[in-house]
Amino acid sequence: MLLFGSTFEQQTETLSSRSERAALLELRSSLGLRSRDWPIKADPCSIWSGIQCQNGSVVGINISGFRRTRIGKQNPQFAVDALVNLTRLVSFNASRFLLPGSIPDWFGQRLLSLQVLDLRSCSIRDAIPWSMGNMTNLTTMVLAQNTLTGLVPSTLGQLLGLSVLDFSQNSLTGSIPESFGSLANLTVLDMSNNFLSGSIPPGIGTLSKLQYLNLSGNSLSSSIPSQLGDLDSLVDLDLSSNTLSGSVPPDLRALRNLQKMLIGDNFLSGSLPANLFPAPSQLQSVVLRDNNFTDALPEMLWAMPTLRILDISGNNFTGVLPNSSLNANATAVQCNISGNMFYGVLKPLLRRCSFADLSGNYFEGRIPDYLRANTSFVSNCLQNISRQRTLEDCASFYAARGLTFDNFGLPNSTQPRGEPTSNRNLIILASVLGGFGLIVLLVVLLLLFLCIRKRNGSTSQRGVGVGPVPTETTPPAPGASINLSSLGDGFTYQQLLQVTADFSDTNLIKHGHSGDLFQGVLENGISVVIKRIDLQSIKKESYLVELDFFSKVSHTRFVPLFGHCLETENEKFLVYKYMPNGDLSSSLYRKSNSDDDSLQSLDWITRLKIASGAAEGLSYLHHECTPPLVHRDVQASSILLDDKFEVRLGSLSELCVQEGETQQSKITRLLRLPQSSEQGASGSITATCAYDVYCFGKVLLELVTGKLGISASNDTQMKEWLEQTLPSISIYDKEQVTKIVDPSLIIDEDLLEEVWAMAIVAKSCLNPKPSRRPLMRYILKALENPLKVVRDESSASARLRATSSRGSWNAAVFGSWRHSTSDVAAIPATSSARGEGGSSMKQAGTPGSQGSGHDGGGEHSSSGGRHSKEIFPVLSDVQDVERQEQD
58 MLLFGSTFEQ QTETLSSRSE RAALLELRSS LGLRSRDWPI KADPCSIWSG
108 IQCQNGSVVG INISGFRRTR IGKQNPQFAV DALVNLTRLV SFNASRFLLP
158 GSIPDWFGQR LLSLQVLDLR SCSIRDAIPW SMGNMTNLTT MVLAQNTLTG
208 LVPSTLGQLL GLSVLDFSQN SLTGSIPESF GSLANLTVLD MSNNFLSGSI
258 PPGIGTLSKL QYLNLSGNSL SSSIPSQLGD LDSLVDLDLS SNTLSGSVPP
308 DLRALRNLQK MLIGDNFLSG SLPANLFPAP SQLQSVVLRD NNFTDALPEM
358 LWAMPTLRIL DISGNNFTGV LPNSSLNANA TAVQCNISGN MFYGVLKPLL
408 RRCSFADLSG NYFEGRIPDY LRANTSFVSN CLQNISRQRT LEDCASFYAA
458 RGLTFDNFGL PNSTQPRGEP TSNRNLIILA SVLGGFGLIV LLVVLLLLFL
508 CIRKRNGSTS QRGVGVGPVP TETTPPAPGA SINLSSLGDG FTYQQLLQVT
558 ADFSDTNLIK HGHSGDLFQG VLENGISVVI KRIDLQSIKK ESYLVELDFF
608 SKVSHTRFVP LFGHCLETEN EKFLVYKYMP NGDLSSSLYR KSNSDDDSLQ
658 SLDWITRLKI ASGAAEGLSY LHHECTPPLV HRDVQASSIL LDDKFEVRLG
708 SLSELCVQEG ETQQSKITRL LRLPQSSEQG ASGSITATCA YDVYCFGKVL
758 LELVTGKLGI SASNDTQMKE WLEQTLPSIS IYDKEQVTKI VDPSLIIDED
808 LLEEVWAMAI VAKSCLNPKP SRRPLMRYIL KALENPLKVV RDESSASARL
858 RATSSRGSWN AAVFGSWRHS TSDVAAIPAT SSARGEGGSS MKQAGTPGSQ
908 GSGHDGGGEH SSSGGRHSKE IFPVLSDVQD VERQEQD
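Using my numbering, read the sequence shown as starting at 58 and increasing by one per residue.
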């Protein structure tokens, strides 16, 4: 991806237009720019950073990454009206500069001379104005990584000079306009990670200059247009993580300049055209994972000399590996061919794989010595190695193809003795009757439980000092009465001024998104934190939400509220207990007691304690409050720690009742229809417990890896980091996780198993499909007994038992495994997510943000069923029932 908007070189000329100088000063004021960047007494053309002038007029403005003044931070807005007076402006780059608000309609009516517009990561929301189709001089339009919503304006097809169009990582809906087929000069089209639907316009195949096409992470359906094969200049094609179906058109063989073909995580089927990968080929990455491809893989694909990443996992490819000779100049390849139906002996071409996942196939024979390192062999028919398929499974697979299976050396290869037919019939009958009786017993017990629960009229709660379960915690209407007598002491404004030294900067802890936090000490010597809420810049409902919550709920996992001050009109104050160890983001690494000013990291036992404590608080919100509550701001800075590192959840201003039914029905899942996403059509984060689970997964990864800022990040770097990190988390290989573990942790073998378990739980939370993330109650149980996660479920048979045991919490975490959009686009190498996301990430985590099959160690369906994957768990039916009961 090209980078735009680099800092302009300082000019030697001066600004000659007084009106333009006045416009710049107005812009300086409205955006709250610092004097060090734009000194008011200096000439803008020669001194101001990011200002480019030509013939005495301003032609370019670059404020990318600038910081606002303290006053400017208090009420940031999309306030750039002064740009209309800069009549010769051709470039405006405000990427990574906070501009919360909507793009004004006058952009497309007044800024007609603009050629470059870069508003990446500016917190812009709402719809793209249709008037922007009038900006016909534009060559670059980058609006990525915002929260834009609504339809993509078809009027943008009028921007015939457009070369770069990047709308990625937003919440845009609807279809891709057919008018985009008129953008003949387009070289980059990135609309990934939105909520776009419909089919891919065939007209895109006429864009002969297009080099980069990324439409991944949407809900695009129908088939891949054969016209894409006419994109002679295309280098990067990413259509992954959609709902595309049908076969791969053979016309794509004409893409001789293609280096990346990423079409995984769709519903594509059939066999690949034999000549899809012609020679010579420049392909470096081929990702076809999690589709329904069948038959043999084109032999040419194995021998492409430039190939670096090959991921064909989760399909129904079959056949033996070819006897291709190794090219001396060929690059090393990261190979993932797991979850298919390959068979026969392992061939020398696998020497080329720097990493190989061969699990979930039917390979037989012995393992060559050169493959034992960095290779997964789980669930095959190989000799003298553990965790392989049963003899019956292997023998029946080979017999169905008219082949002889040599079982010499296969573990558990002893044939079971046959039993008389009568005995087998008796056993079958007894099993059926016993199962029926068990179902009847469970139904009776469930009815008794519901009757007792209804009679008691209350929900059981975890923790010490838990108050009554709130029956309703929606934000009260302005002016609604709240029982202040249950909210601690009422402080006067003068008291708080004295406590905080007139809210001095020395007492300022940080600027929170719901108010500024100050430290203070009451007259009785108790340390407190006071949140000052400016109602002119923050919604009134935010502090009312917290007051309403604290008036109805008392739980040890939430930061204690000592009191409040509501006497002033424009400012409100909430007083909390001071947490000596701050929050997780500041305590993961602390200054040591030594004189060298070094940092000391939290030990593993403390990290696990923090994870369990946070999960307990979230589990209370999700499962013990009626209706369920969603935190919506789960990150390291929201996890406060007292003097014993006990968790007290804070940042409760975003709390709200879970929105209605967010799960899909069984029919929807069975038909593999598109899943729900992290964000609604409005672009705001949906109030679902699954969103909290995704965010909590990022917190768990932060504890495992020691990488600060993961849980608070949602940008491209986060997505890339997740793509590099998640493949190192495997239920089959504990040692893989050592690649990502915080190097400052000192852990023995048992503790490493706990780290491994937490990483597995984190990965399950980061499933980009919200309906397939485990419930928080199961996450809590997994963290309370992490060794059970990896020891009881380490064998294939145990995982099958967990999957079939619908009532177990391990069934929720080890249902069946599948790759996803937030997983690496290939195989583990050495990086988000919304998501997701969701991950998405919609990453991701992340995080669309938002299938199926048996476990890799179980029976394989020869009727076209795919293997389940070891990346993300699918929820068991028990979770579906429980979530329906909650709603």
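A virtual CB, placed ideally from N, CA and C, is assigned to each residue, including glycine.
**Item:** Among Cys-179, Leu-844, Pro-825, nearest to Gly-274 - alpha-carbon criterion
**Value:** Pro-825
**Asked** Pick from Val-812, Cys-822, Leu-832: whose alpha carbon is nearest that of Asn-842?
**Response** Val-812
**Item:** Three-state secondary structure (DSSP) of Val-812
**Value:** helix
**Request:** Would you mind sorting Asn-380 into buried or exposed? The rule is 16 or more other CB atoms within 10 Å of its CB.
**Result:** exposed
**Alpha-carbon to alpha-carbon, Cys-822 and Ser-236** = 39 angstroms
**Request:** Ignore the nearest five residues each way along the sequence and tell me which others in Pro-731's own chain have a CB closer than 7 angstroms to its CB.
**Result:** Note on Pro-731: pLDDT 34, under 50, position unreliable in the model; the coordinate value appears next. Ser-276, Thr-300, listed in sequence order.
**Prompt:** By a C-beta neighbour count over all protein chains shown, 10 Å radius and 16 as the cutoff for buried, is Leu-665 buried or exposed?
**Reply:** buried
**Prompt:** Which residues in the same chain have their Cβ closer than 6 angstroms to the Cβ of Ser-642, if we skip the five residues on either side of it in sequence?
**Reply:** Ala-693, Ser-694
**Message:** What residue range does the beta strand (DSSP E) around Met-318 cover?
**Reply:** 317 to 319
**Request:** State the CB to CB distance for the pair Ala-668 and Leu-760, rounded to an integer number of angstroms; the pair is presumed to be in contact (CB under 8 angstroms).
**Result:** 6 angstroms
**Request:** List the whole-angstrom C-beta distance separating Leu-832 from Asp-749, where the pair is believed to meet the contact cut-off of C-beta under 8 angstroms.
**Result:** Leu-832 to Asp-749, Cβ: 11 angstroms. No contact.
**Item:** Nearest residue (CA-CA) to Tyr-751, options Leu-779, Gln-202, Asn-191, Lys-764
**Value:** Leu-779
**Asked** Can you list, in chain order, the residues of its chain whose CB lies under 6 angstroms from that of Cys-410, leaving out five sequence neighbours each side?
**Response** Val-390, Cys-392
**Message:** Let's see if you can read the secondary structure: which residues bound the beta strand (DSSP E) around Thr-762?
**Reply:** Not the beta strand (DSSP E): Thr-762 falls in the alpha helix (DSSP H), residues 746 to 762.
**Message:** Am I right that Ser-228 and Thr-212 are in contact with their C-beta atoms under 8 angstroms? What's the rounded C-beta distance?
**Reply:** Ser-228 to Thr-212, Cβ: 20 angstroms. No contact.
**Request:** Could you name the residues of the same chain whose beta carbon sits closer than 6 angstroms to that of Leu-623, not counting the 5 residues immediately before and after it, in chain order?
**Result:** Lys-629
**Prompt:** Under 8 angstroms between the Cβ atoms of Arg-125 and Gly-165?
**Reply:** no
**Alpha-carbon to alpha-carbon, Phe-702 and Val-526** = At Val-526 the pLDDT is 32, less than 50, meaning the model places this residue with poor confidence; the figure from the coordinates comes in the next sentence. Near 26 angstroms, if we compare the C-alpha coordinates of Phe-702 and Val-526.
**Request:** Please state if the CB of Phe-575 and the CB of Leu-709 are separated by a distance shorter than 8 angstroms.
**Result:** no
**Message:** Please identify the residue among Ile-817, Pro-307, Glu-681 whose C-alpha is closest to the C-alpha of Pro-355.
**Reply:** Pro-307
**Request:** Decide if the region 676 to 691 is in contact with the region 576 to 589; the criterion is three or more beta carbon pairs, one per stretch, under 8 angstroms apart.
**Result:** no
**Item:** Within 8 angstroms, strictly: CB atoms of Gly-396 and Ser-370
**Value:** yes
**Prompt:** Is DSSP giving Arg-125 helix, strand or coil here?
**Reply:** strand
**Request:** Select from Pro-784, Leu-291, Leu-309 the residue whose C-alpha is nearest the C-alpha of Ser-283.
**Result:** Leu-309
**Request:** Specify the secondary structure class of Glu-580 as computed by DSSP and reduced to three states.
**Result:** coil
**Prompt:** What do you get for Arg-423, buried or exposed, if any count of 16 or more other CB atoms within 10 angstroms of its CB means buried?
**Reply:** exposed
**Prompt:** Would you call the region 107 to 127 and the region 141 to 154 in contact, with 3 or more CB pairs under 8 angstroms?
**Reply:** yes
**Request:** Counting only the same chain and skipping the five closest in sequence on each side, list residues whose C-beta sits under 6 angstroms from that of Ile-566.
**Result:** Leu-574, Gln-576
**Prompt:** Considering only the beta carbon of each residue, do Ser-239 and Ser-265 sit closer than 8 angstroms?
**Reply:** no
**Asked** Just curious, the alpha helix (DSSP H) that Thr-795 is in, first and last residue?
**Response** Premise fails: Thr-795 is in no alpha helix (DSSP H) and is neither H nor E.
**Prompt:** Among all the DSSP beta bridges, which residues are the ones paired with Ser-114?
**Reply:** Gln-111
**Request:** Could you name the residues of the same chain whose beta carbon sits closer than 7 angstroms to that of Leu-333, not counting the 5 residues immediately before and after it, in chain order?
**Result:** Val-305, Pro-307, Leu-309, Arg-310, Pro-355
**Request:** Can you tell me the Cβ-Cβ gap for Ala-413 and Asn-431, rounded? I've got them flagged as a contact below 8 angstroms.
**Result:** 7 angstroms
**Request:** Determine the contact status of Val-616 and Tyr-600, defining contact as a CB-CB distance below 8 angstroms.
**Result:** no
**Request:** Kindly indicate the opening and closing residues of the beta strand (DSSP E) around Gln-391.
**Result:** 390 to 393
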